[in-house]
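Inspection log for the structure reproduced underneath, given as structure tokens.
Numbering (this note's numbering), first residue to last: 4 to 176.
So, in structure tokens, the structure goes:
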């Protein structure tokens, strides 16, 4: 069980790195999302108080996320990042210094997954359980990285625009 959790955590942590097999099949904005690594966008960040965050960023954040839960802010020379948990969903939102939202990254369990995507994954991968989801939204496009597990295999399935692609697969021994 610990091994399964470790592998699932690894899969979540690496879910937004290079996905070369999808490049030929996806439109340009989605290629960017599948090739995206948050580490390449944001450098070393410094935790900051909300009172130090640019007012344009705060206005954009409060317009898009009506939350009363605590928000942890950090910054680097180009970006602000907001981290918070709402209704069991972990959010990481990246903003430009001028207040423009770049992306949202959400991590959650199966019950929060979009109903249509969940049904499609469950029907396609009968005998697998959904163990976690990372949802990346950028430029009004959303890609779901869905981790699934059976008795013998772990898979990371990418769901976009009604299509499913296996990105990674591991055997459980």
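C-beta: ideal position from N, C-alpha, C; glycine also.
With distance defined between alpha-carbon atoms, name the residue in the options nearest to residue i.
i           : options              : result
residue 98  : 79, 92 and 115       : 79
residue 110 : 172, 137, 131 and 49 : 137
residue 112 : 121, 134 and 129     : 134
residue 169 : 94, 124 and 70       : 124
residue 74  : 63, 152, 88 and 81   : 88
residue 174 : 161, 160 and 156     : 156
residue 47  : 82, 165 and 171      : 82
residue 143 : 122, 104 and 63      : 104
residue 154 : 116, 129 and 114     : 129
Am I right that residue i and residue j are in contact with their C-beta atoms under 8 Å? What's the rounded C-beta distance?
i           : j           : result
residue 91  : residue 59  : So it is not a contact: roughly 29 Å between Cβ atoms.
residue 163 : residue 146 : 5 Å
residue 139 : residue 106 : 7 Å
Using the Cβ count rule (16 or more neighbours within 10 Å means buried), how would you classify residue i?
i           : result
residue 67  : exposed
residue 158 : buried
residue 28  : Per-residue confidence for residue 28 stands at a pLDDT of 40, beneath the threshold of 50, marking its modelled position as unreliable; no derived number is given.
residue 55  : exposed
residue 152 : buried
residue 65  : exposed
residue 30  : Here the model assigns residue 30 a pLDDT of 46, short of 50, so the residue's position is not dependable and the matter cannot be decided.
residue 95  : buried
Would you say the beta carbon of residue i comes nearer than 7 Å to a heavy atom of the ligand ADP?
i          : result
residue 66 : Summarising the ligand content, the structure contains no ligands, and the ligand ADP is consequently not present.
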